[in-house]
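Worksheet for the structure shown next.
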Amino acid sequence: MKATHTSKGEQFGTRLKDFARRLTPLAGVLIFLVAWHLAWAAAIVDPVLLPSPIAMFEAMLTGLQGDLGYHFLRTVERTVISFLIAAAIAMPLGLLLGSSVQLYRGCEFIIDFFRSTPASAVFPLFLVLFGVGDETKILVAVFGASLVILFNVAYGVMNVRQTRLLAAKVMGANRFQVLRDVVVWESLPQSFIGLRNGVSLALIIIIVAEMFIGSSDGLGYRLIEAQMLFRMPEMYAAIFLAGGLGYGLNVIFLLLEKRVIHWGGR
Amino acid sequence: MSSAARALDPGPAGDLRWFAPGTHITVRGLVKRFAEATVYDGFDLDIPRGRIVSVFGPNGCGKSTLINIISGLLPHDSGSILFDGKTIAETRIGYVFQNYREALFPWSRAIENIAYPLRRMGLGRTERKRRIEALIARFDVPIDFNRYPYELSGGQQQTVSIMRALVVEPEVLFLDEPFSALDYEMTLLMRDQLQKVFMDTRTTTVLVSHDLEEAVWLADKVLLLTRQPTRIAEFVDIDIARPRHDRTLTDPNFIALRSHCLEVFRREARAA
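Chains as they are written, first to last, in our numbering: chain A, 5 to 270; chain B, 787 to 1058.
Take a look at the structure:
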């Protein structure tokens, strides 16, 4: 009897630990919100500059019932379009560059240089070239994201395991078949890192573009508008919505990665 | 001249076309240089048909280099390598790598891995299915072929590799230290398996081994190599009936042959 009792107690203990472990990530969020609320209640910062988290959530909800959802979707749309164009350009190009070490060495400096150039630095140039329309915002985001994707795909291709290439070759695969059946798959884990970073970068560029390049919609526009009208709860709401978008995109890519690259790390 | 007539005609000394009857692969005047060393400099070798040849020698003598050149994975500087008078491009071969983890395709199921070379041969779905089913029936191993390679044990993965090499019914099977990543128990099992398949098919087999016991146990002939520049130290006939068993390992004849090979190996390893 006693043994059973103990084991039941132990079981309960492990369950409790399990539950606690699952809640741990939420604890940080909770502490953050409580600290924020206390800081507001104690008026450590001017309450006008730092509204309470409750006021922020209220502003977010009202906003979403109004047109904030539309602005949110406009940002999503621009980010996704830029990302898709960037991926469509950079993935085949990365495969090509990575397949030839000589070709890559030839382009390495150019790629590294422009990859290190802050994409925001090309805004003025792109404005002159393409005007103030949506195209410019999307093109700058494509510029930034495609270089990140290109670099990672090419890197993945160059680090393909030689044994696997030889195995395909010895089984009668020609150059194209080796590329399609081995190289593309082998480079996929590294390519996914590029895609994930690429979409994050596209979002950053799109938000900045919406703030400063003659926009009439998008989260960036709403941010700058709220700031100019000094509607602080709305501004915080837009910030957290942008954060949620970035986080959500990252999570989608991580889940996709786990599904597609089921062999990763094994 | 037909290859049979050529084989019977001893020809003038130094005639590269001459080879002994029963020969499958002829290597003549092979030269292979790496940046820092000449590994093979005018190397000749006859590999018999329907036999297992083990390649054994001191570290860095170029055992793997030799089978990689013969199997066409590695280019050579000069010399000719013919399979029954045919080039490697005209010959169907199977190759089993030492590192099965890096040789199998982890994104494909085991069965798709085995089907891959059949696809490259351009066979249709039904013919692929028929061949794979026949092969699985012959192997008779408890493997779930619908699993991915990383879900299988090391021995199962290497079995899948061997099946992938055999499914095309190759004229020659090459194995580069195929069991060196497996534990001893699994190695014994895999040796048995390989011998069984060999006795079924009588495929000409060239095997690199770093384990002398394994090299002798599996082989009809053990090719002992010298240090670089590599020559043949001795090409030892292993005249022991098949099937060989675990108790073959304690057979006096086996022990004598292994001791002889070890002696030659020691001599060559010492030679500076």
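Every residue gets a Cβ at the ideal spot worked out from N, C-alpha and C, and that includes glycine.
### Task
With 9 Å as the C-beta to C-beta threshold (strictly closer), list the residues of the stretch 166–178 of chain A near chain D in chain order.
Here the protein chains are A and B, and chain D is not one of them.
### Query
At which residues does the alpha helix (DSSP H) containing R914(B) begin and terminate?
Position 128 of the second sequence, counted from the first residue, corresponds to residue 914(B). Element bounds for R914(B): R911 to F925.
### Query
In three-state terms, what does DSSP make of Y826(B)?
In the second sequence, residue 826(B) corresponds to position 40, counting from 1. Y826(B) carries a strand assignment under DSSP once its states are collapsed to helix, strand and coil.
#### Entry: DSSP-derived helix/strand/coil call for F16(A)
Taking the first residue of the first sequence as position 1, residue 16(A) is located at position 12. Helix, per DSSP.
### Query
Between the beta-carbon of N899(B) and the beta-carbon of V946(B), is there less than 7 Å?
In the second sequence, residue 899(B) corresponds to position 113, counting from 1. In the second sequence, residue 946(B) corresponds to position 160, counting from 1. The Cβ-Cβ distance between N899(B) and V946(B) falls below 7 Å.
#### Entry: Whole-angstrom distance between A1027(B) and F849(B), CA atom to CA atom
For the purposes of this step, residue 849(B) is identified with residue 63 of the second sequence, where counting begins at 1. For the purposes of this step, residue 1027(B) is identified with residue 241 of the second sequence, where counting begins at 1. In the sequence as displayed, the identity of residue 849(B) is Lys instead of Phe. About 26 Å.
### Task
Evaluate A790(B) with the Cβ neighbour count: other Cβ atoms within 10 Å of its Cβ, from every protein chain shown; 16 or more gives buried, anything less gives exposed.
The count along the second sequence starts at 1 and reaches residue 790(B) at position 4. Since pLDDT at A790(B) reaches only 43, below the 50 mark, its modelled position is unreliable, and no value is offered.
### Query
Is the distance from the Cβ of V953(B) to the Cβ of T990(B) below 7 Å?
To locate residue 953(B), count along the second sequence from 1; it is residue 167. To locate residue 990(B), count along the second sequence from 1; it is residue 204. With contacts defined by Cβ atoms closer than 7 Å, V953(B) and T990(B) do not form a contacting pair.
### Message
Against chain A, does E876(B) count as a neighbour if the rule is that its beta carbon must be under 7 Å from one of theirs?
### Response
As a first step, residue 876(B) must be located in the second sequence, where it is residue number 90. Look at E876(B): its C-beta is not under 7 Å from any C-beta on chain A.
### Residues of its chain near L253(A), where Cβ-Cβ distance is below 6 Å and the 5 sequence neighbours each way are ignored
Position 249 of the first sequence holds residue 253(A). Hits under 6 Å: V203.
### Query
A213(A) and S150(A) look like a contact to me (Cβ under 8 Å); what is the Cβ gap, rounded to whole Å?
Position 209 of the first sequence, counting from 1, holds the residue named residue 213(A). Position 146 of the first sequence, counting from 1, holds the residue named residue 150(A). Your pair A213(A) and S150(A) does not check out as a contact, with CB atoms roughly 16 Å apart and the cut at 8 Å.
### Positions along the stretch 921–945 of chain B whose CB lies within less than 7 Å of some CB in chain A
For the stretch 921–945 of chain B, the set of residues with a beta-carbon nearer than 7 Å to any beta-carbon of chain A comprises Y934 and Y936, in chain order.
### Query
Which residues of chain A have a Cβ atom closer than 9 Å to the Cβ of F869(B), listed in chain order?
As a first step, residue 869(B) is located in the second sequence; it is residue number 83 there, counting from the start. Going along chain A, no residue has its Cβ under 9 Å from F869(B), so there is no contact; the nearest lies around 14 Å.
### Best match in I867(B), M949(B) and E888(B) for proximity to L1063(B) [C-alpha to C-alpha]
Residue 1063(B) is absent from the model: chain B starts at 787 and stops at 1058.
### Query
So which of S966(B), V1022(B) and I879(B) has the shortest CA-CA distance to A171(A)?
Here the question's residue 171(A) lines up with position 167 in the first sequence. When only C-alpha atoms are compared, the closest one is I879(B).
### Task
Please look up how many angstroms separate the CB atoms of G98(A) and V157(A), rounded, as I've assumed it's under 8 Å.
Here residue 98(A) corresponds to residue number 94 of the first sequence, with the count starting at 1. Here residue 157(A) corresponds to residue number 153 of the first sequence, with the count starting at 1. So it is a contact: roughly 3 Å between Cβ atoms.
### Query
According to a CB-to-CB cut-off of less than 8 Å, which residues of the stretch 896–923 of chain B neighbour chain A?
Against chain A - using a Cβ distance shorter than 8 Å - the residues of the stretch 896–923 of chain B are Y902, P903, R906 and M907.
### Query
Name the chain A residues whose beta carbon is nearer than 8 Å to that of F883(B)?
What you label residue 883(B) is simply residue 97 of the second sequence in a count that begins at 1. Annotation: Cβ neighbours of F883(B) in chain A (cutoff 8 Å, chain order): T167, L170 and A171.
### Task
Would you list, in sequence order, the uninterrupted alpha helix (DSSP H) runs of no fewer than 4 residues that lie entirely inside the stretch 863–917 of chain B?
Complete alpha helix (DSSP H) runs here, min 4: 886–889 and 896–906.
### Query
Just how far apart, CA to CA, sit R977(B) and S104(A)?
Taking the first residue of the second sequence as 1, we reach residue 977(B) at position 191. Taking the first residue of the first sequence as 1, we reach residue 104(A) at position 100. Going from the Cα of R977(B) to the Cα of S104(A) covers about 41 Å.
### Message
To be precise: take each residue of the stretch 833–862 of chain B, compare its Cβ to all Cβ atoms of chain A, and keep it if any distance is under 7 Å. Which residues remain?
### Response
Hits within the stretch, in order: S857 and L859.
### Task
With 7 Å as the threshold, decide whether the Cβ of A889(B) is near any Cβ in chain A.
Here the question's residue 889(B) lines up with position 103 in the second sequence. For A889(B), the nearest beta carbon of chain A is closer than 7 Å to its own beta carbon.
### Task
Please decide whether P892(B) counts as near chain A, where near means a Cβ-Cβ distance under 7 Å.
Numbered from its first residue, the second sequence carries residue 892(B) at position 106. Yes, P892(B) counts as interfacial toward chain A.
### Query
Which bits of chain A does I879(B) rub up against, with CB to CB less than 9 Å?
In the second sequence, the residue the question calls residue 879(B) occupies position 93. The CB of I879(B) comes closer than 9 Å to the CB of V174 in chain A, given here in chain order.
### Task
Would you kindly report the start and end of the unbroken alpha helix (DSSP H) that includes G252(A)?
Taking the first residue of the first sequence as 1, we reach residue 252(A) at position 248. Element bounds for G252(A): M236 to V264.
### Message
The beta strand (DSSP E) that contains H1020(B), what's its start and end?
### Response
What you label residue 1020(B) is simply residue 234 of the second sequence in a count that begins at 1. Note on residue identity: the sequence assigns Glu, not His, to residue 1020(B). It spans I1018 to D1023 - the beta strand (DSSP E) in which E1020(B) sits, taken as one unbroken run.
### Query
From the DSSP output, which residues share a beta bridge with L816(B)?
Walking along the second sequence from the start, residue 816(B) turns up at place 30. When DSSP reads this structure, L816(B) sits in a beta bridge with F829(B).
### Task
List the residues of chain B whose Cβ lies closer than 8 Å to the Cβ of Q181(A), in chain order.
Taking the first sequence and counting its residues from 1, the one referred to as residue 181(A) is at position 177. The contacting residues are R906.
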